[in-house]
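First up is the structure itself, then whatever we jot down about it.
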Amino acid sequence: MDFTTHIKAKNGWFDINLKELFQYRDLIILFVKRTYTTMYKQTILGPLWLILNPLITVSLYALVFGTVARLSTDGAPQFAFYLCSNAIWSFFAVCITETSTTFTANAAIMGKVYFPRLVMPISSVITAMLNMLIQLGILIIVMIGYVMSGIRFNITWTIMLVPVLIIQTGLLGLGCGIIVAALTTKYRDLVILVSFGVQLWMYASPVVYTFSQIPPKFIRFYLLNPMAPIITMWRNAILGTEGISGIYWGISWGITVAVLFIGIVLFSRIERTFMDTV
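The numbering of the sequence shown is our numbering, which starts it at 5 and goes up by one.
Here it is, written out as structure tokens:
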């Protein structure tokens, strides 16, 4: 049987072929494998860093923000609280930082062969998600240890929202990342500012503190940060800490969809001419 593939120029503002993306799913898997292969090549501990990195980070959080600053954790054990927060936040942060370098890091490949360009940012999000699932596994082991020591977690039906929150975080990270990726083809300074901006965003989100510690007069402004409701609901679903109104989560979803739409539109426009500017 003969197959013919037609490659034509994209003219629309939102010219995304989802069927074509699905057809290139094997390539997405290859990009994910490539990332893991190159990430831990010539390292002594190798993939063990996937476990050590979050444990070291969370230990520092527990020491600085828990022991020294004595920030509230809504009654949850400190280590579990920070491990839970770090799992979802690091997923989001890696989505942005890895996706933002899509054009510049893969310019050589893009200049030689055709494939849907969204394959690369999607593979970055999947890689970050796999890392996050490893952290989630560590969190489950830690929680089991706490339960065996007599500590109970108030887990309710909201645990079913965990997959939805993971998907939303991935979509938000993808949207933010491809917006930066589209802009860095002309403005390379943004690459330098991404890591700094992500750090500031972390402290503007309830990663190391709880939502209840925000003064009521700043709540409306604070909710412009879509990660605030996500992190709060994430901890509520897994640890049973204080939750948040569904209205706030709805606002977060609205911002997520808007950011993703803007990102895809910019990505579609820039990818046509990026080889002239990269």
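Where a beta carbon is used, it is the ideal one built from N, C-alpha and C, also for glycine.
If we call anything under 8 Å between Cβ atoms a contact, is G174 one with C99? yes
Among residues of its own chain, excluding the 5 on either side of D78, which ones have a beta-carbon nearer than 6 Å to its beta-carbon? T214, T245, E246
Output the distance between the C-alpha atoms of A97 and Y191, rounded to the nearest integer angstrom. 21 Å
Suppose you measure from the CA of N135 to the CA of W53; what does that come to, to the nearest Å? 10 Å
Apart from the five residues on each side of it in sequence, which residues of its chain come closer than 8 Å, Cβ to Cβ, to T162? M237, N240, A241, G247
Which residues in the same chain have their Cβ closer than 6 Å to the Cβ of F271, if we skip the five residues on either side of it in sequence? I182, A186
Going by the beta-carbon positions, is the gap between L31 and V123 smaller than 8 Å? yes
If contacts are defined as beta-carbon pairs under 8 Å, then L264 and A84 qualify, I think. What distance do you get, rounded to the angstrom? Not really, about 31 Å apart at Cβ, beyond 8 Å.
Suppose you measure from the CA of I235 to the CA of S94; what does that come to, to the nearest Å? 11 Å
Going by the CB atoms, is the gap between F119 and Y28 shorter than 8 Å? yes
Does DSSP put K116 in a helix, in a strand, or in coil? coil
So, at 7 Å on beta carbons, what are the nonlocal neighbours of I218 in its own chain, with the 5 sequence-adjacent residues on each side left out? Y226
Simplified DSSP state of N90, which is helix, strand or coil: helix
Supposed contact pair V198 and S104 - C-beta distance, whole angstroms, cut 8 Å: 5 Å
Would you call A262 buried or exposed, if buried means 16 or more other Cβ atoms sit within 10 Å of its Cβ? exposed
Are Q172 and P58 touching if we call contact CB-CB under 8 Å? no
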